[in-house]
Amino acid sequence: MKEKLDREVIAMRAAKELKYGDCVNLGIGIPNLCAHFIPEGVLFQTENGALGYGPLIREDEIENAEQYYVDAGGKFWTPVPGMSIFDIVTSFAMIRSGRLTTILGGLQVSETGDLANWSTGGGALGGTIGGGMDLAVGAKKVIITLEHTTKEGAPKILTKCTYPLTAQKCVNFVITDLAVIEVTGSGLVLKEVAPGWTADEVQALTEPRLILADDLKEIDLE
Amino acid sequence: MKEKLDREVIAMRAAKELKYGDCVNLGIGIPNLCAHFIPEGVLFQTENGALGYGPLIREDEIENAEQYYVDAGGKFWTPVPGMSIFDIVTSFAMIRSGRLTTILGGLQVSETGDLANWSTGGGALGGTIGGGMDLAVGAKKVIITLEHTTKEGAPKILTKCTYPLTAQKCVNFVITDLAVIEVTGSGLVLKEVAPGWTADEVQALTEPRLILADDLKEIDLE
Amino acid sequence: MKNKVFSSFDEAVADISDGASIVTECWGLTGMSQNLIAAVKEKGVKDLTLITHNFIPLVFFGEGEIANLTILLPQLKKLITPVVGLQYLGAGAFVQEYVEKGLEVELTSHGTLASRLYAGAAGLGGIYNPVGVGTILEEGKEKREIDGKEFILEKPIRPDYAFIRAHKADKMGNLIYRGVYRADQPVMAMAARTTIAEVDEVVEIGEIDPEHVVTPSVFVDRIVKVPDDAFGSTKRIKEIIGKMGENELIRSLLFR
Amino acid sequence: MKNKVFSSFDEAVADISDGASIVTECWGLTGMSQNLIAAVKEKGVKDLTLITHNFIPLVFFGEGEIANLTILLPQLKKLITPVVGLQYLGAGAFVQEYVEKGLEVELTSHGTLASRLYAGAAGLGGIYNPVGVGTILEEGKEKREIDGKEFILEKPIRPDYAFIRAHKADKMGNLIYRGVYRADQPVMAMAARTTIAEVDEVVEIGEIDPEHVVTPSVFVDRIVKVPDDAFGSTKRIKEIIGKMGENELIRSLLFR
Chain A
1 MKEKLDREVI
11 AMRAAKELKY
21 GDCVNLGIGI
31 PNLCAHFIPE
41 GVLFQTENGA
51 LGYGPLIRED
61 EIENAEQYYV
71 DAGGKFWTPV
81 PGMSIFDIVT
91 SFAMIRSGRL
101 TTILGGLQVS
111 ETGDLANWST
121 GGGALGGTIG
131 GGMDLAVGAK
141 KVIITLEHTT
151 KEGAPKILTK
161 CTYPLTAQKC
171 VNFVITDLAV
181 IEVTGSGLVL
191 KEVAPGWTAD
201 EVQALTEPRL
211 ILADDLKEID
221 LE
Chain B
223 MKEKLDREVI
233 AMRAAKELKY
243 GDCVNLGIGI
253 PNLCAHFIPE
263 GVLFQTENGA
273 LGYGPLIRED
283 EIENAEQYYV
293 DAGGKFWTPV
303 PGMSIFDIVT
313 SFAMIRSGRL
323 TTILGGLQVS
333 ETGDLANWST
343 GGGALGGTIG
353 GGMDLAVGAK
363 KVIITLEHTT
373 KEGAPKILTK
383 CTYPLTAQKC
393 VNFVITDLAV
403 IEVTGSGLVL
413 KEVAPGWTAD
423 EVQALTEPRL
433 ILADDLKEID
443 LE
Chain C
445 MKNKVFSSFD
455 EAVADISDGA
465 SIVTECWGLT
475 GMSQNLIAAV
485 KEKGVKDLTL
495 ITHNFIPLVF
505 FGEGEIANLT
515 ILLPQLKKLI
525 TPVVGLQYLG
535 AGAFVQEYVE
545 KGLEVELTSH
555 GTLASRLYAG
565 AAGLGGIYNP
575 VGVGTILEEG
585 KEKREIDGKE
595 FILEKPIRPD
605 YAFIRAHKAD
615 KMGNLIYRGV
625 YRADQPVMAM
635 AARTTIAEVD
645 EVVEIGEIDP
655 EHVVTPSVFV
665 DRIVKVPDDA
675 FGSTKRIKEI
685 IGKMGENELI
695 RSLLFR
Chain D
701 MKNKVFSSFD
711 EAVADISDGA
721 SIVTECWGLT
731 GMSQNLIAAV
741 KEKGVKDLTL
751 ITHNFIPLVF
761 FGEGEIANLT
771 ILLPQLKKLI
781 TPVVGLQYLG
791 AGAFVQEYVE
801 KGLEVELTSH
811 GTLASRLYAG
821 AAGLGGIYNP
831 VGVGTILEEG
841 KEKREIDGKE
851 FILEKPIRPD
861 YAFIRAHKAD
871 KMGNLIYRGV
881 YRADQPVMAM
891 AARTTIAEVD
901 EVVEIGEIDP
911 EHVVTPSVFV
921 DRIVKVPDDA
931 FGSTKRIKEI
941 IGKMGENELI
951 RSLLFR
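Protein chains in written order, with the working numbering: chain A, 1 to 222; chain B, 223 to 444; chain C, 445 to 700; chain D, 701 to 956.
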């Protein structure tokens, strides 16, 4: 079987969507890994009320962890000059006013950019909602990172999501271990494929029809 | 003609409604005068974002006036320890969450506690709304100070207000140059009359029927 | 000035009765009013409505190490929160037995909860919320198109009590927080009818710069200082963080 | 880091075009972004929608002494505000001639405006507001009873630009204010699509304590330092206040 990109490489490619001066909120999972690849001048935001904070505390630095400085997932971070601390009303105004980019994990993405990422079913108690719905609805750019298929090989990019939705028509970019796809008004545009993969092979693992970008190319990590 | 209370005495009586630990927002006019009579331990609030500030700058102290410290009416005040500065979202949450008492001026008050105090007519541009509507609706206690009648002797306490309303059913106490009246579910209760005035004489200058309080007494300024 | 400083947590929660609603914060260890929570547990009042941004069993910690919000579970009638449990610990499975016995769980999103608390504080009757359209959150709620976009009508939240964990209070009740302890606490204090704060330090009037006050005194009714040996004291939290490295689950969740 | 510091007010407003909406503060002299206002006057763009807490002709001051918001009157298509003029100066009479020529005036209350700006920032579609029921503010609006109380549906405000007058900005755009200059400015910055701040001082990154930041950098797009001789500089405001005592109207209004 052909090699797919690993999680670090997906994260690396997702990080490339960010530019100098952007403010970004990273979800749990692959998005968290983006932190290692994000260009200088990008500020991190966490829902619980901080912007522009420094690197996460590593395993061998626990003694430097401070209770006052954690992200929404409970990870400790380092305070740095220029950051700001604020309450959650301000934090979600930031998130919902289109001032941020967000990179989130996904369970499923639909042809029209619907996102399912909080639950695989099981009703109200089958998953946790948190701030993901706010980010999906409110961010100026929503980038979803996920593996292209389930372990069993079933597509996660679907005509219609089967899992409970996080938000409708919210996704701008999908970055998987096989492809980079832009969600547009006319449908899903395949922009990049993983090295060694063809558009047809990616299409075969994707439920809705993909539109091939004029400049379709191999995933570019430069 | 019998003597009515002057504006200072109305203010003095209104100030008696405040107790230690209360936070109060004073409107323009007679309410402003209350500041001179307010007991210790009462904190002043101004809509533009300060609580617990010190005395207003007097005419002979202009050189101490600071641009950063003015109330919503533009009057300069003195910063004191224990005060707080906040934005208008917080300020109006304070006003609307029932944490404050307000003393406002009035043009007319109705039998059911409706208040008219922003305009005598002339449409949208005939007066200014400001924060008075918010205070009238949101304060835990709304005290209205006004002269009992117009200069021509017509009652200002009416069955129904004829001027444009500030808010409906918002008034708790009315303090005039003739009487102290409490607005209750059963109607207007006459609690106190000015020295030398009888309940009948006050009733004659009031449109709706007044209910006499069991302990009706002379206005008490002790 | 009113005396707002109470000498015990029990005294500070003395008037809370069955059926009360309480909003309090919990983002991991931060901002938790552990001693007020423990006092409510001890008091045993029931049929409570609890509103919180996170309701998570912190299984990493030993008995008596922390007083986590979830200890109140048997006393709850209703829970309003965006997060019940953690996905990798089976999400909301731990509340299932209480749901079967009648616990009502109302899900919301973090941002929606913030807006609903603001709406409570500002006296609003409802807000048309853009978040939740097409999701589980719209069930049973009015949906409406405004200017070509769909919104869900969400109700304000106006709790009876807010439990606040702040850094410093002056004796008037002005509060400052530290770091992300701030989070939802300012809006909780504004929305609640009665606000009770547990704080690291009670300082004299004038020791907090008026420009730096985060929660103005009028929103704070009662203050209790957290003793050094109490839940959530700086000393105890430091000890807990120190021991985090010994727990493999914590290491994998928080440091990798 | 993006360069947000602009060297002139003209440059900072260069992209504002006809039909734009601008929110800016004016509580007497405080918090007015006089130089940005003057730059928009100079630029001559028209059909503007102006949102402000107060729209008052400050007749006390001489020509060229201040750049008051009302100088933009001939350029406005719409004005949203709780205060047009001052009662004892004839209230809104001074805008009457513009109303006759087509200016639309939308009245609101201070608290409602704060909530509507918050609603704009939080992406809400509307809010049910308790203020204005039974008054001129309910005209033409939906009224609805919720839980036994009446509310009016108010629309969010999401202006194209906010003009902010702050005390200090660091080079990233974090802002602090001073005293009541703060007022509505934080929520204006959150609600607007583009925020332009004029400040007393631009300081290095790290000079503003992260806990004291009032408007976080992400909400601020452009910063201009107010020169000593410009409108609203500390020096000029001091001079103006010094002269207030000479004006009998001011003495009677502000000091008695």
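All C-beta atoms, glycine included, are put in the ideal place defined by N, C-alpha and C.
Fair warning: this is a prediction, and the values are worked out from it, not measured in the lab.
query, result
"In chain order, what residues of the stretch 494 to 519 of chain C put their CB closer than 7 Å to some CB of chain D?", "none"
"Quick one: is B:Met234 near chain D, going by C-beta distance under 9 Å?", "no"
"Mind checking the stretch 871 to 882 of chain D against chain C and listing, in chain order, the residues whose C-beta falls within less than 9 Å of any C-beta there?", "Ile876, Tyr877, Arg878, Gly879 and Arg882"
"Alpha carbons only, please: which of B:Arg235, B:Met223 and B:Glu230 is nearest the one belonging to B:Glu440?", "B:Arg235"
"So the alpha helix (DSSP H) C:Thr678 belongs to, where does it begin and stop?", "Thr678 to Met688"
"Check whether the stretch 737 to 752 of chain D and the stretch 764 to 775 of chain D are in contact - that is, three or more C-beta pairs closer than 8 Å.", "yes"
"Determine the burial state of D:His810: buried for a count of at least 16 other Cβ atoms within 10 Å of its Cβ, exposed for fewer.", "buried"
"In whole angstroms, give me the CA-to-CA distance for D:Ala891 and C:Ser451.", "43 Å"
"Between B:Asp282 and the rest of its own chain, which residues show a CB-CB distance below 7 Å, the 5 nearest in sequence each way excluded?", "none"
"If distances are taken between C-alpha atoms only, which option among D:Thr808, D:Val723 and D:Trp727 comes closest to B:Thr268?", "D:Trp727"
"Report the neighbours of C:Val489 on chain B: residues whose CB is nearer than 7 Å to its CB, in chain order.", "Correct list: empty, because the minimum Cβ distance to chain B is about 24 Å."
"Grab the span of the beta strand (DSSP E) containing A:Leu104 for me, first residue to last.", "Thr101 to Gly105"
"Report all residues from its chain with a CB closer than 7 Å to the CB of D:Gly873; omit the five preceding and five following residues, and keep chain order.", "Lys704, Ser917, Val920 and Ile923"
"Could you tell me the alpha carbon to alpha carbon distance between D:Ile905 and A:Gly82, rounded to whole angstroms?", "5 Å"
"Unbroken alpha helix (DSSP H) runs of length 4 or more, entirely within the stretch 21 to 68 of chain A: which are they?", "30 to 34"
"In whole angstroms, what separates the C-alpha of C:Gly488 from that of C:Ala458?", "11 Å"
"Thinking just about the alpha-carbon of each residue, which of C:Gly676, C:Leu619 and C:Leu568 is nearest to the one in D:Glu911?", "C:Leu619"
"Starting from B:Val231 and walking both ways along the alpha helix (DSSP H), at which residues does that stretch end?", "Arg229 to Ala237"
"Does the distance from the C-beta atom of A:Val89 to that of C:Ser559 stay below 9 Å?", "yes"
"So with CB distances below 7 Å, who are the chain G contacts of A:Cys23?", "The displayed structure is made up of protein chains A, B, C and D, and chain G is not among them."
"Enumerate, from N- to C-terminal direction, the unbroken beta strand (DSSP E) stretches of 3 or more residues contained entirely within the stretch 623 to 658 of chain C.", "638 to 647"
"Residues of the stretch 262 to 275 of chain B with a CB closer than 7 Å to any CB of chain D: list them in chain order, please.", "Glu269, Asn270, Gly271 and Ala272"
"Can you pull the chain D neighbours of B:Arg280, defined as C-beta to C-beta under 8 Å?", "Phe955"
"Kindly indicate which residue of A:Ala65, A:Ala35, A:Ala72 and A:Glu147 has the alpha-carbon position closest to the one of C:Pro526.", "A:Ala72"
"Between A:Val137 and chain D, is the shortest Cβ-Cβ distance under 9 Å, so that the two count as touching?", "yes"
"I want to verify the contact list: residues of chain C whose CB lies under 8 Å from the CB of B:Met355, in sequence order.", "Simply none; closest approach about 12 Å."
"Any residues in the stretch 801 to 827 of chain D with a beta carbon nearer than 9 Å to a beta carbon of chain C? Which ones, in chain order?", "Gly811, Ala814, Ser815, Tyr818, Ala819, Ala822, Gly823, Leu824, Gly825, Gly826 and Ile827"
"In angstroms with no decimal places, state the Cα-to-Cα distance between A:Glu207 and C:Leu547.", "40 Å"
"Below 7 Å on C-beta distance, what does D:Pro910 contact in chain B?", "The premise fails here: D:Pro910 is roughly 18 Å from chain B at the closest Cβ pair, so nothing lies under 7 Å."
"When you compare the CB positions of C:Ile590 and C:Leu480, do they come within less than 9 Å of one another, or not?", "no"
"With H, G and I counted as helix, E and B as strand and the rest as coil, what does DSSP make of D:His867?", "strand"
"Have a look at the DSSP bridge pairing and note the partners of B:Glu369.", "Paired residue(s): none; B:Glu369 is not in a bridge."
"Alpha carbon to alpha carbon, how far is C:Ile601 from A:Glu152?", "44 Å"
"What is the residue span of the alpha helix (DSSP H) that C:Ser696 lies within?", "Glu692 to Leu698"
"Please classify A:Leu107 as buried or exposed, where buried requires at least 16 neighbouring CB atoms within 10 angstroms.", "buried"
"Determine the chain B residues that contact C:Met634 at a beta-carbon separation under 8 Å, and present them in chain order.", "Thr312, Ala315, Met316 and Ser319"
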